[in-house]
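Here the protein sequences line up with chains A and B, keeping their order.
By this note's numbering, the letter at position 300 of the first sequence is numbered 300, and the numbering carries on one by one without gaps.
Position in the second sequence counted from 1, then plus 1000, gives you this note's numbering.
All residues carry an ideal CB built from backbone N, CA and C; glycine is no exception.
Note that the structure is predicted; figures quoted are calculated from it, not measured.
See below for the structure under consideration.
There are 2 protein chains.
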Amino acid sequence: MRLIMIGFGNLGRAFGRSLLEKKEFLLTNYGLTPSVVAAVDEYGAAVDEGGLDVKKLLKTAEKANTVADYPARGKKGRSALEVIEEVEADLVFELTPTNIKNGEPGLTHIKKAMMAGRHVITSNKGPLVVAFRELDRLAKQKGVEFRYSGSVGGAVPVIGLAKKMLAGNMVHAIRGVLNGTTNYILTRMSKEGAPFDVVLREAQELGIAEKDPTLDIEGTDTACKITILANAVLGISAKLKDVKVVGIRRIRPEAIRLAQEAGYAVKLIGVAKRDSLEVGPKLVPVGHPLAVGGTLNAVTFETDLAREVTITGFGAGPRETSSALLGDLIDIHTALGD
Amino acid sequence: MRLIMIGFGNLGRAFGRSLLEKKEFLLTNYGLTPSVVAAVDEYGAAVDEGGLDVKKLLKTAEKANTVADYPARGKKGRSALEVIEEVEADLVFELTPTNIKNGEPGLTHIKKAMMAGRHVITSNKGPLVVAFRELDRLAKQKGVEFRYSGSVGGAVPVIGLAKKMLAGNMVHAIRGVLNGTTNYILTRMSKEGAPFDVVLREAQELGIAEKDPTLDIEGTDTACKITILANAVLGISAKLKDVKVVGIRRIRPEAIRLAQEAGYAVKLIGVAKRDSLEVGPKLVPVGHPLAVGGTLNAVTFETDLAREVTITGFGAGPRETSSALLGDLIDIHTALGD
C-alpha cells in the first residue's frame, strides 16, 4: 500500500519508526507491505514513487529538521496539496498539528485527499471538531475509507471499542478522563495537597504540561474529544461549540481533600449524551474504573446490554499514537480485503 | 441468517430476548435479519426451517422448561446432533454448560457444526480449554467462521480488543481479574475484614457464588479464561492443564489488611505470557486499573506500542454475555460481507 505522510514532526517520525520496526510483523500477520511514497513537512517534500527509504528519511528529518533535504528523485519543493494531488498513492496520513479554530491546514489536506480518491487516516482533532459530518459524507461519496482512532485516547482504542467491539449495543452515554495533563495535575494535587499553580509548574518542568497549557486546563482538549466521540459513536452532528466547558484552574486543594475524605476523586470528566455535551470537574467514587491516576486516560461507555464497559491506557505520546495509526492502517487493509 | 441454538437455558433465553429486542436495531444498522430455525435443549428440539416465532419459543421454554413443547411443524424429538446435521442453517450457537473435563457435549456439537459447513459462535469454555487448536484448524479447513468472545469477560470484549483493536501491537503479557465471584469475595473481605467462609456464605445467599463454588474459588474458572486468552491472543497452543493454579481459599483477612496498609489490594490474577501461564492471588497497587472492586472483571494487555491497555466491565450474567454473542453475530455477518 502506497502511503503519503503529511506532517513529519514528533508523531510522523514516531510512526515512521513504527513502520520500520513492524515491517516483518505487518507482512507476516496481515500480508501488508506499506511503502511511503511521499513525506511532507512545512519546509518541503520528499517524494519517490518507488518508495522512500524510511530509515534515510528519518535520519534526514532528525539532522536537517525537515524532510526536504532527502535526496529524492522527485521534483522538490512541492507543497502538501501538490503532493496529495500529484503523487500516485492509496492512502494519506494527515499528521499536522491540531488547529481547533478552522481545522486548517489539516481540513483542506483531508478533503483534497478524499477528492483524489485516497483513503485518509488522521489523529488531527482540528478537522474533526469543525467538519466531522462533512468529512464523513465526503468519504462515503468518494468511496474512500476514513479513520481517526488516534484523535481520541492515543493508544487506547476508544472509538473502535464502541463502534466495533460493542456493535450489538446501544451506547446511551460516554464519560471519560480524556486529558492526561489535567489528570496528572489533579492526581498530584490530591496526593500532595499542593495548590494548582505549583503542580502546574512541576508538570511543565516535567514536559507533561505545555508552556501554554490553556487548551488542556481550560478543558478545550477534552471538549474536542467529546465532540469527536459524540459524532463517531453516538452518531449525532456536534461541533466543538456545542460542548459546555468548565476547566480545572479554580479547583483548590481543600475541595480535593474534602472529596477524598468522602471516598471520591476529583476528575475532569467529559460527558457525551444524545441531548447534552459537557466537560467539567466531577466527583468519581474511588474504586470506579474512571478513577485512574497519573496521566492515564479512561472512557466508560454506558450501554444497554453490556452495561458499563471502561477502557484505560495512555492517551498521548507519539509512540502510543502510532499504535492507533497502525491499527487504522491494518483495519483499512483488512476492510479492503487486500 | 438462519441460526440454530443448541442449549436454551438462562443464556439461550437471554440471547433469544436480545434478538427480539434488537430486531430493528440489527436491520437498520447492519442489514442483518437473524432467523432462529431450531432450538434444542436436553429434553428435545423445536424446529421450523421457515423460522421459529422467538416470542412463542421463549414462552414455551419458560412454561414447560423445555423448547420441545413448541408447536412446530418439523419432526419432534430430534437430538442436537441430528438438528445440527439435518436442519438447513448458516450458523450454530453452542450454548450448553461448560464441562472442563472433556468439553462435551459442546465439543462434539461444534465439530459437527463445522463439518456441516456451519459457522459457530460459543461462550462455552469447555471445548476451548480442551481443544482450542483442533477447533481453530477445523474451522479454517472447513472455511467457516468461529467466534467465542463470550467465553472470556462476558460483556467485556477482551479477545476482540486484543485481536482487532490493538492489531498493530505485539502483546507481551495478559493479566486479568477474570472471575467476578472471587473478586466479590476479596472485595468484601477487604471492606469488612471478615473471614473467607463468612463472605463466601454471604455471596452464596446473594446468588453471586454457586452452591458448589469450587471452580471459582480454586481458580479453575480463571485458569480456563487464561488458557483461552493464551491461545486466542498470544497464539500459543495451551490447554487447561498447562496453567499453574492457586485459589483464594486460604487468604486470611489479616493478609488483606496488611496489603491495604501498604497501598495494595489482593486480587486473584490470571497471567498469560508466552513462556508461563498462572493463576493466583497477587498484590495490585490501589489506583492501578486492575484494582477494580465488586464483581467487575478487568484485563490488562501489555503491548509494545500502546504500553498497558486495560478493559473493565461485567464479566458474567446472561444479558451481558448476550452482548458478546450478538457482537460475534454482527462480526461474522460483516466478515462475510452479507
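Residue i, buried or exposed, once every other Cβ within 10 Å from all chains shown has been counted against 16
{"i": "residue 1155 (chain B)", "result": "buried"}
{"i": "residue 1160 (chain B)", "result": "buried"}
{"i": "residue 183 (chain A)", "result": "buried"}
{"i": "residue 63 (chain A)", "result": "exposed"}
{"i": "residue 1118 (chain B)", "result": "buried"}
{"i": "residue 1310 (chain B)", "result": "buried"}
{"i": "residue 1137 (chain B)", "result": "exposed"}
{"i": "residue 1028 (chain B)", "result": "exposed"}
{"i": "residue 1079 (chain B)", "result": "exposed"}
{"i": "residue 335 (chain A)", "result": "exposed"}
{"i": "residue 259 (chain A)", "result": "buried"}
{"i": "residue 1339 (chain B)", "result": "With chain B represented from 1001 up to 1338, any question about residue 1339 (chain B) goes unanswered, as that position is not in the structure."}
{"i": "residue 1071 (chain B)", "result": "exposed"}
{"i": "residue 262 (chain A)", "result": "exposed"}
{"i": "residue 201 (chain A)", "result": "exposed"}
{"i": "residue 1010 (chain B)", "result": "exposed"}
Proximal residues of chain D, C-beta to C-beta of residue i below 7 angstroms
{"i": "residue 169 (chain A)", "result": "Among the chains of the structure shown, chain D does not appear; the protein chains present are A and B."}
Top-ranked residue by Cα proximity to residue i, from the options
{"i": "residue 1112 (chain B)", "options": "B:1081, B:1062, B:1099, B:1166", "result": "B:1081"}
{"i": "residue 301 (chain A)", "options": "A:208, A:158, A:124", "result": "A:158"}
{"i": "residue 175 (chain A)", "options": "A:230, A:167, A:164", "result": "A:230"}
{"i": "residue 1052 (chain B)", "options": "B:1003, B:1062, B:1064, B:1208", "result": "B:1003"}
{"i": "residue 1283 (chain B)", "options": "B:1221, B:1177, B:1331, B:1227", "result": "B:1177"}
{"i": "residue 1102 (chain B)", "options": "B:1132, B:1079, B:1026", "result": "B:1132"}
{"i": "residue 1296 (chain B)", "options": "A:12, A:306, A:296, A:294", "result": "A:306"}
{"i": "residue 92 (chain A)", "options": "A:7, A:308, A:313, A:194", "result": "A:7"}
{"i": "residue 316 (chain A)", "options": "A:266, A:285, A:54, A:125", "result": "A:125"}
{"i": "residue 1193 (chain B)", "options": "B:1061, B:1254, B:1134, B:1241", "result": "B:1254"}
{"i": "residue 166 (chain A)", "options": "A:217, A:187, A:185, A:234", "result": "A:234"}
{"i": "residue 270 (chain A)", "options": "A:90, A:227, A:202, A:168", "result": "A:227"}
{"i": "residue 292 (chain A)", "options": "B:1289, B:1198, B:1179", "result": "B:1289"}
{"i": "residue 1088 (chain B)", "options": "B:1122, B:1049, B:1066, B:1115", "result": "B:1049"}
{"i": "residue 1237 (chain B)", "options": "B:1086, B:1187, B:1134", "result": "B:1134"}
{"i": "residue 141 (chain A)", "options": "A:116, A:196, A:85, A:32", "result": "A:116"}
Chain A contact for residue i (CB, 7 angstroms cutoff)
{"i": "residue 1157 (chain B)", "result": "yes"}
{"i": "residue 1105 (chain B)", "result": "no"}
{"i": "residue 1309 (chain B)", "result": "yes"}
{"i": "residue 1040 (chain B)", "result": "no"}
{"i": "residue 1289 (chain B)", "result": "yes"}
{"i": "residue 1246 (chain B)", "result": "no"}
{"i": "residue 1188 (chain B)", "result": "no"}
{"i": "residue 1201 (chain B)", "result": "no"}
{"i": "residue 1292 (chain B)", "result": "yes"}
{"i": "residue 1160 (chain B)", "result": "yes"}
{"i": "residue 1180 (chain B)", "result": "no"}
CB contact flag (residue i, residue j, <7 angstroms)
{"i": "residue 1127 (chain B)", "j": "residue 1110 (chain B)", "result": "yes"}
{"i": "residue 1170 (chain B)", "j": "residue 1304 (chain B)", "result": "yes"}
{"i": "residue 268 (chain A)", "j": "residue 243 (chain A)", "result": "no"}
{"i": "residue 120 (chain A)", "j": "residue 225 (chain A)", "result": "no"}
{"i": "residue 1213 (chain B)", "j": "residue 1248 (chain B)", "result": "no"}
{"i": "residue 1190 (chain B)", "j": "residue 1251 (chain B)", "result": "no"}
{"i": "residue 209 (chain A)", "j": "residue 181 (chain A)", "result": "yes"}
{"i": "residue 54 (chain A)", "j": "residue 83 (chain A)", "result": "no"}
{"i": "residue 312 (chain A)", "j": "residue 298 (chain A)", "result": "yes"}
{"i": "residue 265 (chain A)", "j": "residue 246 (chain A)", "result": "no"}
{"i": "residue 1043 (chain B)", "j": "residue 1068 (chain B)", "result": "yes"}
{"i": "residue 185 (chain A)", "j": "residue 199 (chain A)", "result": "yes"}
{"i": "residue 173 (chain A)", "j": "residue 273 (chain A)", "result": "yes"}
{"i": "residue 1001 (chain B)", "j": "residue 1090 (chain B)", "result": "yes"}
{"i": "residue 1123 (chain B)", "j": "residue 168 (chain A)", "result": "no"}
CB contact check: residue i to chain B, cutoff 7 angstroms
{"i": "residue 1 (chain A)", "result": "no"}
{"i": "residue 332 (chain A)", "result": "no"}
{"i": "residue 305 (chain A)", "result": "yes"}
{"i": "residue 314 (chain A)", "result": "yes"}
{"i": "residue 235 (chain A)", "result": "no"}
{"i": "residue 254 (chain A)", "result": "no"}
{"i": "residue 320 (chain A)", "result": "yes"}
{"i": "residue 206 (chain A)", "result": "no"}
{"i": "residue 44 (chain A)", "result": "no"}
{"i": "residue 270 (chain A)", "result": "no"}
heavy atom of the ligand ZN below 6 angstroms from residue i C-beta
{"i": "residue 1034 (chain B)", "result": "With respect to small molecules bound, the structure shown includes none, and the ligand ZN cannot be examined in it."}
Query raised in the report: Okay, do the region 1136 to 1150 of chain B and the region 1318 to 1328 of chain B touch, 3+ Cβ pairs below 8 angstroms being the bar?
Result: yes
Query - Any 3 or more C-beta pairs closer than 8 angstroms across the region 6 to 20 of chain A and the region 33 to 45 of chain A - result: yes
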